[in-house]
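Peer 1:
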Amino acid sequence: MCFELEVEDATQGVNLRVECTRLAMTLQIMDALGMIEHLSPPREPLPEDHGTTAARVTAFLSTDSEETPPDLEQFAGAVGALFDGQAEDPVGIPCYKFSHGGWLLTPDEIAAALGWWTLATPQIQAYAREGLPWWSQWLDLLITARDHGGIRVW
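The following block contains the structure:
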């Protein structure tokens with residue numbers, strides 16, 4: 001199993017496939033450095049909260065309709081806002097966002113995480129770079145993503 005990470009609005013598509021083992025090791029280092037924020041995922045919106053039903057959403061998704069009914073559009077907007085949202089004052093990247101599903105690691109979350117990296121001692125930074133050969137590539141991706149709309153995790 002792999003995760004596909006995609007920089008949101010980079011002019012040149014920047015994608016990185018990360019195997020689960022590599023992601024786990026990367027997250028361990030990020031967590032040790034304070035780059036990860038341990039939050040529970042927010043409650044997902046329910047179709048009923050937006051005047052529709054799960055059956056209606058499923059039926060609509062199986063059609064070729066080009067026009068989305070208002071209630072389904074409202075529900076889709078709520079789902080999109082959930083996956084694109086962030087805490088008011090992020091102090092890192094929420095760990096739940098490193099799961100499949102389309103979560104957006106926002107530029108503010110990435111900037112907060114990179115701030116923790118810059119506070120790490122040179123010895124810890126050297127340990128991360130030597131222990132994980134791809135760490136520098138990962139930091140480059142985070143920096144690019146911070147400046148180009150974030151990272152979408154698939």
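In the working numbering, the protein residues as written are 1 to 154. Cβ coordinates follow ideal geometry from the N, Cα and C atoms, glycine included. Note that this is a predicted model, so its numbers are computed, not measured.
1) Can you give me the start and stop residues for the alpha helix (DSSP H) that TRP116 sits inside?
2) Leaving out five residues on either side along the sequence, give the residues of the same chain with a beta carbon under 7 Å from the beta carbon of HIS38.
3) Does DSSP classify MET1 as helix, strand or coil?
4) Looking only at C-alpha atoms, which of ASP147, PRO42, LEU27 sits nearest to TRP103?
5) Name the DSSP bridge partner or partners of PRO94?
6) Quick check: what's the CA-CA separation for LEU72 versus PHE60?
7) Tell me which residue opens and which closes the alpha helix (DSSP H) that ARG152 is part of.
8) In three-state DSSP terms, what is TRP138?
9) Assuming contact is defined by CB atoms lying nearer than 8 Å, are ILE36 and ILE93 in contact in what I supplied?
10) By DSSP's criteria, VAL7 is part of a beta bridge. Which residues make up the other side?
11) Among the residues of its own chain, which have a CB less than 6 Å from the CB of ALA145, if the five just before and after it don't count?
12) So HIS100 packs on GLN74, CB below 8 Å; how close in whole Å?
Peer 2: Inspection of the coordinates gives the following:
1) Along the sequence shown, read from residue 1 onward, the residue named residue 116 stands at position 116. Counting along the chain, the alpha helix (DSSP H) containing TRP116 begins and ends at 107 to 119.
2) Reading the sequence shown from its first residue, position 38 is the one you call residue 38. So the list reads CYS95, once near-sequence residues are dropped.
3) The count along the sequence shown starts at 1 and reaches residue 1 at position 1. Because the pLDDT of MET1 is 45, which lies under 50, any placement of that residue in the model is unreliable, and the number read from its coordinates should be weighed accordingly. In the structure shown, MET1 sits in coil (DSSP, three-state: anything other than H, G, I, E or B).
4) Translated into the one-based positions of the sequence shown, residue 103 becomes position 103. For TRP103, the closest C-alpha among the options ASP147, PRO42, LEU27 is that of PRO42.
5) Residue 94 sits at position 94 when you count from the first residue of the sequence shown. Answer by DSSP bridge pairing, in chain order: GLU37.
6) Numbered from 1 along the sequence shown, position 72 holds the residue referred to as residue 72. Numbered from 1 along the sequence shown, position 60 holds the residue referred to as residue 60. If I take the Cα positions, the gap works out to 9 Å.
7) Taking the sequence shown and counting its residues from 1, the one referred to as residue 152 is at position 152. Element bounds for ARG152: not the alpha helix (DSSP H) but the beta strand (DSSP E), 151 to 153.
8) Numbered from 1 along the sequence shown, position 138 holds the residue referred to as residue 138. Note: TRP138 maps to helix in three-state DSSP.
9) Here residue 36 refers to the residue found at position 36 of the sequence shown. Here residue 93 refers to the residue found at position 93 of the sequence shown. For ILE36 and ILE93, yes; Cβs fall inside 8 Å.
10) Translated into the one-based positions of the sequence shown, residue 7 becomes position 7. Answer by DSSP bridge pairing, in chain order: ILE151.
11) As a working note, residue 145 is residue 145 in the sequence shown. Within the same chain, ALA145 has close Cβ partners VAL7, ILE110, ILE151.
12) Within the sequence shown, residue 100 is the residue found at index 100, counting from 1. Within the sequence shown, residue 74 is the residue found at index 74, counting from 1. Between GLN74 and HIS100 the Cβ distance is about 25 Å, and since that is not below 8 Å, they are no contact.
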